[in-house]
Structures are given as structure tokens and as C-alpha cells.
Amino acid sequence: MTTPLLEVDELCVDFALPHGTVSAVKHVSYRIEAGETLALVGESGSGKSVSSTAAMGLLPDLARTRGAIRFEGEDLLAATPKRLRRLRGNDIAMIFQEPMTSLNPLHRIGRQIAEVLERHRGLKGRAARERVRELLEQVGIPEPERRLDSYPRELSGGQRQRVMIAMALACEPKLLIADEPTTALDVTVQAQILALLKDLQQRYGMAILFITHDLGIVRHFADRVCVMRQGELVESGETRALFDAPRHDYTRMLIDAEPRGRKTPVTEDAPMLLEAHGVRVRFPLKKRLFRPSTYFEAVRGIELAIRRGQTVGIVGESGSGKSTLGRALLRLLDSRGDIRFEDTALGGLDSAAMRPLRSRMQVVFQDPFGSLSPRMTVGEIVGEGLRVHAPELTARERDARVQEALGEVALDPAMRRRYPHEFSGGQRQRIAIARALVLKPEFLLLDEPTSALDRSVQATVIELLRDLQRRHGLTYLFISHDLAVVRALADTVLVMKQGEVVEQGDTQALFEAPREAYTRELMRAAFLDAQTA
Amino acid sequence: MTSRSLTPDADAGMAGDSLGREAWRRLKQNKAAMASLWLLATITLVCVAGPWLTPWGLADVDWNAFGVAPTLDGGHWLGTDANGRDLLTRTLYGGRVSLSVALVATLVSLAIGVLYGAVSGYLGGRVDNLMMRFVDIMYSLPFMFLVILLMVVFGRNILLIYAAIGAVEWLDMARIVRGQTLALKRREFIEAAHALGVKDRKIVTRHLIPNAIGPVIVYVTLTVPKVILLESFLSFLGLGVQEPLTSWGVLISEGTDMMQTAPWMLLVPSVFLALTLFCLNFLGDGLRDALDPKTR
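In C-alpha cells form, the structure reads like this:
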């Protein structure tokens, strides 16, 4: 019997925290053969990253490990720090989720990659530089000669991730651990990075341990899959077999968590609720005292019309101006062009004049951790809008309204005395929705409300939004980069790129027959074709 | 509790209370902080009431006891200074001055600095620029110059020390709070408050300041000792309290001169000062933790 490249055997990791021990990984075993791709899938808190961090010897001091992690037969948990340093970067390399923060901003990228070569291969000077150039070329960085001397800030997110990959590949490792390497990237960039990894894997014959929460990627990328949940290995198997016939309920739930269903369209004669003509938003880049300032135009003349009861989806990648447009429509940002809410022109209204309208148009943000003040109780957060818009209410009446709103989003009203940090991401998003709902708005701007949530939680939030729309006749503007979610929720879709609308139309028609190349590219990158087939 | 009596303003106080009441409950669980609170209260009480209880006055000279060491008989429990004045009495009088300077200057720096910094950071742009340049100008004025200027205009008065120290100490606080505010105002909960139509004033007081409170409290515990020492520095130069009135800083500086022959003159005021500062540090840490809902 051959020894596998990496064998994780009955691994347990406990964290000894002040208020007790938390088991992050419980008796997990898996193995990777040379040259294959194993995907470790799980939602946040499932312990999927912890097991690979343990293999690299990078766990925090609080961690206690049991079991074994064998790399080519050698137990890494028992290895000395010196031995681990020799292995890291040389035989086992790792790339991380955040390309924005995993490079040192003060050093040129050529220098950062060369550091690995110097440490493990003893390459210096000209030889190291030549090898770095070659690596940058392999990971598809244009003009590698020039980029050697760039600083990380001069590169885009995708390029930085390519640099990270070049650094990981510098010593031709036998195993590459990729911890959510594409999560922070746009879908089209994600597709490019995955293709690059696949290509390099074949060239170098290395094994990849791919850690992700995204089953869509796994299906196209991995040979075998391990599904983790709350520190335990739930199910593992060949990718195709696992997707075709998931044995465990949890796996089935994860696969089914892809948002389903379609929105029933509103009638043609539904009254217009929000109309926008030629909306432009620009940000000053450089302020000069006596000469005209230079501007960056984030939104360039958008036309938009939303009927009562409709859901309009806006899709686009980061930097497409979709969130800026949403904020401009609510007059959270200054903009030019006409915006009409029912019969009121919003242009030029100051904050006092906007105030009566604020209760009718509300917003839910992406980040459920940033959108709730950490020092207010849930009751205060939800009730704040009522203080502004219904000051005549007594404390008791307001409390009743808060309880009602929390009930609407399926949270226990007794929770209103607690603070946001005690809640999970999905619950926090429900609180944010309750804050908007308590004012009984007609129009709701949903700015990536499900993007920061796990797939299974996402499905329940989407269901909630749907249900609320049905019951209260709400009108949604749904901003997202996630095409699957938009397809399930929206009547019409706008595809945005660089501040302009590339394509728009009826959801079903647009998804079935996209006219523009960019839309098709987005869909291909999001692997939507796989599910429609 | 009838409905009409609870106007929005009245229950705005109630909402503020819920974090306050919660914080008090948690502070009570922190033994070190509670012990410090009680000790601090005791020291303050003794300093306020003590001088009436001791048989000696501030400037009373005991012609039979010059530079006497602490003793139980003779009435000078903590000894006398070189001029035969009761050290306990003088330390308690000094405590009144030091503690009140600390209290007033810190409150002034807290009130002005926090509000100024939060407003400056929140409004941003040109207003922020102007407000912070004003702070820079204040920084660039030499402290002594400011004090002497105040003396010339208003004459010698202990209130001037309060004013002078307060006028300088709020600058640091304003910068710290402004930095916090700049980081906070990009957060989505501030944007959500805008979307709710909350007034700017309320956003500053309800959302920004409570979330900036952690570093503020830590800084306050550093300000108090600084202020007490600053006062003794002024007094040393003859710009602060005048004989026969005294303060802990002045007593310590006198004690240092007599360290070799009369160590109690240094030890007695030093112990009072050190205890106070210890208590403030523990209390500050306790308060910071108690006001953060995440630590429980």
C-alpha cells in the first residue's frame, strides 16, 4: 500500500478559551493522493479551515490537537517548528482568501516572491529575479518584467491573487492548500483563477486541498469532496457521485440551498413607484484649490423604472456602480438627474425635506456585522426609526411595534433586550430587515442582503423576503452580484458594468437568451449553465 | 406611568439608561473595579470632610513639634512638616485641590474634546479641516504662555488653573475621538441611521460617541495623573496654589527635598496619590469592559 501525500487521521482540535473548551474539529480523517484535488466544503464555523491550518503548524497557541496529520508518512503535529518551516513554502504551500491583505504593502512584489526562493532554494540576485519573472508569466500577469517592481497597491484583486499563487508555486510544492482563494473576487475573475489553478496543477503535478463554502466551484473543480459540519466530517466521496446521490441530509440541504422559484410578475398597469432618468454620480478624485477638480464617474446616466410590487434586480461586479446607484436613489449620496418617488421629485430635497419620505423607502445592507450599532440593544436599533417618524408613540406603544416587527422576521421578540453580537449572521440580517419594516415602508433597497451569509441561511432569508413582499405588497430593488439569487427574486434585471447598463430586460428572457457578450460571460462564470441544463 | 408624561425626550433618557444600567450591573461584578470605586469614594470623602475633623488648621503651627515623625501621642498622627504644621491636615487639604483639579480638568477635556472631535470627524471635509487646524494652533501655543496670559488678564485665582489645564487637555481627546469617528462613520449602521432620517445631532450622540467610548475611557485614566502632576508643576513655578494652601503635587515636591531627614513628608502624600491613581486605572479598565456589550 502506498502512503498518501497527506493523511489526516482522527484529527481533533480544541480551543481552550477562558470560558471553556470549544471543539473546532472532531475526529476528522481524510487523505489526498499526489496530483489530485480534494475539496473541503462547509459553512462558516464548520472547522474546514482549522484542519489545514493545523497541517501547516499555524494554529494559535490556544489550540490543543490530537490525532495525526501525516505528510508523506511524517507526522506534522509532532514535527519541530524548524522542520515545519522547511516544509512550509517548499513542499506545502498555501494561498489565502484575502488577496488585499496577504501581501505586504511596503515591498515590491518581485522582492516578496524572491524571499521564498531565497529561503528554500538559496537563489539570489539575478537568478532569483529570472525565476520570479518566469513565475509571474506562468500565472498570467501581463508584462511580468515591469510588474516585478510594482507594489501590491498597483495591482487589482485578481492580479494580487495571481501573485499569491506565484509565491506559493515558487518552490514547486507537492501540495497546495487553497483556503477560499476566490471568495473575495468577482465571478469572472474567479473563473480565470480557477482555470489557472487547474492548468498549473497539471503542469506541476501537485495536489490541491481546496477549502470553500461554494458548491458551484466544487462541482467543476474537485476530484473528491469532503463535507464538514460543526467540526465533523459528514460525508465524503467522488465529486460526481456525491452531487448525483448525496447520502447525508446536510449535503442534500447544501446542494438544494441554491435559490429556487421565480417571482410572479405584477400586472402591466401597476402604478409607477420609483422612476429615475439620467442618474449620474461622481466622486472627486483630486481636489484642487483654483483649478477644476478631477472626478471619477461611478454612475453614468442610468434610466430606471420600478412599478409598485415589482422587484428589480441589479447585477454587476464590484466597481460596476450598482451600490452607488442604490444609495443615490435613496439620496444617501448626491447625484444628478431626475429621481421621482411616486409624485415627489427627490432632486434637491435637503435632509429635512427627505425625512417624511424616509419612512416609505428603506434599505437593508450587505454586512450584517457592520450595519447594526454594537452598543445598542436590538430593541433600540429596531425602534430608532419610530423615534424619528412616530415621535407621538409612547415607549410602550413603540415597544409593541418593535415586537411586532421582530415577529414578522421570525425572531423571538424576547430577544430585543440583547445586543447584536449575540446573534448569528442570518439573525442579524433579520434584525436589519426588521429595522426597515417597522416603519411600514413601500419601497425596500436590498443591497447584497444575502452575500455575507452561508448558502443555507441565504435560502431562508430569501424565503423571508419573498413572504414579506407577498404580505405587504413591497417593492424591491435588489442589488447583487449573485445571479442565482437575482434570477429567483426579480421581475426585471439590469446588468451593470462600469457605471452603465449593459443589458436589461425581463428576468426569464434575459437569463434564457442573454444578448450581450458581457452578460453571457457573467453567466458562464457563475456556472449557471450547469443548473439550467 | 401615564402615556403623555413620556415625551420623546423623557424616554430618550430611558434608552440611554439601558446601556448604562446594563453597564452598572456588569461593573458590580468586577471586584477590582468595585473595590477601587469604594476606595476612591472614601479618599474623596476623607479629603472633603477630614480637615474639619482634625484638631489642626491648614496653617496652624505647633510650636512644640517641628518635623516630628508620625506618632500616636501628641496628636500628629502622620507627623508634621519642617514648619510644625500637621501633615495629615495638609495632605487632606491638598487632596481637595488635587482631586478637584483632576475632576474639573478631566470633565472639561471630556466634554469639549469628545464633542469637538466627534463633530469634526463626522462633518468632515472643510469643516473638519478648519476645526483641526484650530486644534493645531492651540497645540502650538506654549502652555506656560497661556497660563501667564490668563494670570495677566484675570489675576491670580485657583479657578484659572482649572481653566488653563482644561483648555489644553481637551486637544488630545479631540484628536482621539476624531480618529475613532472617521473610522466609524463609514460603517453601515451610520448609513442605516441616515436612511432612517435620524438627525445629525442624534447620529453623533447616539451612534458615534457611544461606539468611541473605549479609547476615551482609557485616555481619561491617563489624563487624571497627568493633570495632577501638571498642577504641581504650575504650583512649583509659583503659578498655581499659593502657601499656605497646598496640593499633593506640592507636598510631594516639598517631601522630596526632605527625603533624607523626614521621609514621612514624602511618603504620606505619595501614598494618597498612588492609591488614587491605582484606583482610577482599575476603575477605568472596569468601566471600559462594562460599557462594551461584547464582554460578558
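Chains as they are written, first to last, in UniProt numbering: chain G, 1 to 533; chain Y, 1 to 296.
Backbone N, C-alpha and C define an ideal beta-carbon position, used for all residues, glycine too.
Q: Residues of the segment 121-148 of chain Y with a CB closer than 8 Å to any CB of chain G: list them in chain order, please.
A: none
(Q) Going residue by residue through the segment 235-296 of chain Y, where are the continuous alpha helix (DSSP H) segments of at least 4 residues, counting only ones entirely within it? (A) 248-257, 264-291
**Q.** Segments assigned beta strand (DSSP E), at least 3 residues, entirely inside the segment 286-321 of chain G
**A.** 294-307, 311-315
**Q.** Burial state of ALA276(G) (16 or more Cβ within 10 Å)
**A.** buried
Q: Only counting runs of 4 or more residues, tell me where the alpha helix (DSSP H) segments fall wholly within the segment 371-459 of chain G, in order along the chain.
A: 378-389, 395-408, 425-437
Q. Buried or exposed: VAL132(G), going by 16 or more other Cβ atoms within 10 Å of its Cβ?
A. buried
**Q.** Selection of the segment 165-194 of chain Y by Cβ proximity to chain G, strictly under 8 Å
**A.** ARG187, GLU188, PHE189, GLU191, ALA192, ALA193, HIS194
**Q.** Unbroken beta strand (DSSP E) run spanning TYR476(G), endpoints
**A.** 475-480
Q.
I want to see whether chain G comes within less than 8 Å of PRO293(Y), judged by CB atoms only; does it?
A. yes
Q: Look up ILE339(G) in the DSSP assignment and give the residues it is bridged to.
A: ALA276(G)
Q) Can you tell me the Cα-Cα spacing of GLY407(G) and ILE92(G), whole angstroms? A) 50 Å
(Q) Let me make sure I understand the geometry here. Which of ARG262(G), VAL22(G), MET94(G), LEU439(G) has the alpha-carbon closest to that of MET56(G)? (A) MET94(G)
Q.
Would you say VAL388(G) lies against chain Y (beta-carbon separation less than 8 Å)?
A. yes
Q) Residues of chain G with CB under 7 Å from VAL198(Y), in chain order? A) GLU384, VAL388
Q) Less than 8 Å separating the beta-carbons of ALA178(G) and PHE210(G)? A) yes
Q: Could you tell me which of THR311(G), ASP399(G), GLU180(G) sits nearest to residue 539(G), measuring between CA atoms?
A: Residue numbering for chain G in the displayed model covers 1 to 533; residue 539(G) lies beyond these limits and cannot be assessed.
Q | Host alpha helix (DSSP H) of ILE112(Y) (start-end) | A | 87-123
**Q.** Coarse secondary structure for ASP9(Y), derived from DSSP in three states
**A.** For ASP9(Y), the predicted structure reports a pLDDT of 37, less than 50, and the residue's modelled location is therefore unreliable. The matter cannot be settled from this model.
Q | Counted within 10 angstroms of its Cβ, other Cβ atoms place THR2(Y) as buried (16 or more) or exposed | A | For THR2(Y), the predicted model reports a pLDDT of 37, less than 50, meaning its position is unreliable; a value from the coordinates is still stated below. Exposed, because fewer than 16 other Cβ atoms sit within 10 Å of the Cβ of THR2(Y).
Q) Taking three-plus beta-carbon pairs below 8 Å as touching, is the segment 152-166 of chain Y in contact with the segment 329-342 of chain G? A) no
Q) So, helix, strand or coil for ILE95(G), using DSSP? A) strand
Q) Is PHE511(G) buried or exposed, if buried means 16 or more other CB atoms sit within 10 Å of its CB? A) buried
**Q.** Strand pairing of ASP73(Y), partner residues [DSSP]
**A.** Paired residue(s): none; ASP73(Y) is not in a bridge.
Q. When we look at the beta-carbon of LEU411(G) and count the other beta-carbons within 10 Å, is it buried (16 or more) or exposed?
A. buried
**Q.** Bridge partners - THR181(Y), DSSP secondary structure assignment
**A.** DSSP lists no partner for THR181(Y).
Q. Do you know offhand how far ALA24(G)'s Cα is from PHE221(G)'s?
A. 26 Å
Q) How about the segment 191-202 of chain Y and the segment 353-365 of chain G: do they share at least three Cβ pairs that are nearer than 8 Å? A) yes
Q) Residues of chain G with a CB under 9 Å from the CB of HIS76(Y): which are they? A) In chain order: nothing, as chain G lies at least about 50 Å away.
Q) What are the residues of the segment 365-384 of chain G that lie near chain Y, defined by any Cβ-Cβ distance shorter than 7 Å? A) PHE365, ASP367, GLY370, SER371, LEU372, SER373, PRO374, ARG375, THR377, GLU380, GLU384
Q. In chain G, which residues lie less than 7 Å from PRO210(Y) when you measure between Cβ atoms?
A. ARG375
Q) So is GLN427(G) in contact with chain Y if we call contact Cβ pairs under 8 Å? A) no
(Q) Quick check: the Cα distance between ASP75(G) and GLY35(G), rounded to an integer number of angstroms? (A) 20 Å
Q) In this structure, does DSSP put SER46(G) in helix, strand or coil? A) coil
Q.
Short of 9 Å Cβ to Cβ, which residues in the segment 503-521 of chain G face chain A?
A. Note that chain A does not occur in the displayed structure, where the protein chains are G and Y.
Q: Pull up the distance between the alpha-carbon of ARG116(G) and that of PRO142(G), whole angstroms please.
A: Note on residue identity: the sequence assigns Val, not Arg, to residue 116(G). Distance between the alpha carbons of VAL116(G) and PRO142(G): 22 Å.
Q.
For the segment 79-88 of chain G against the segment 42-62 of chain G, do three or more pairs of beta-carbon atoms, one drawn from each stretch, fall closer than 8 Å, so that the two count as touching?
A. yes
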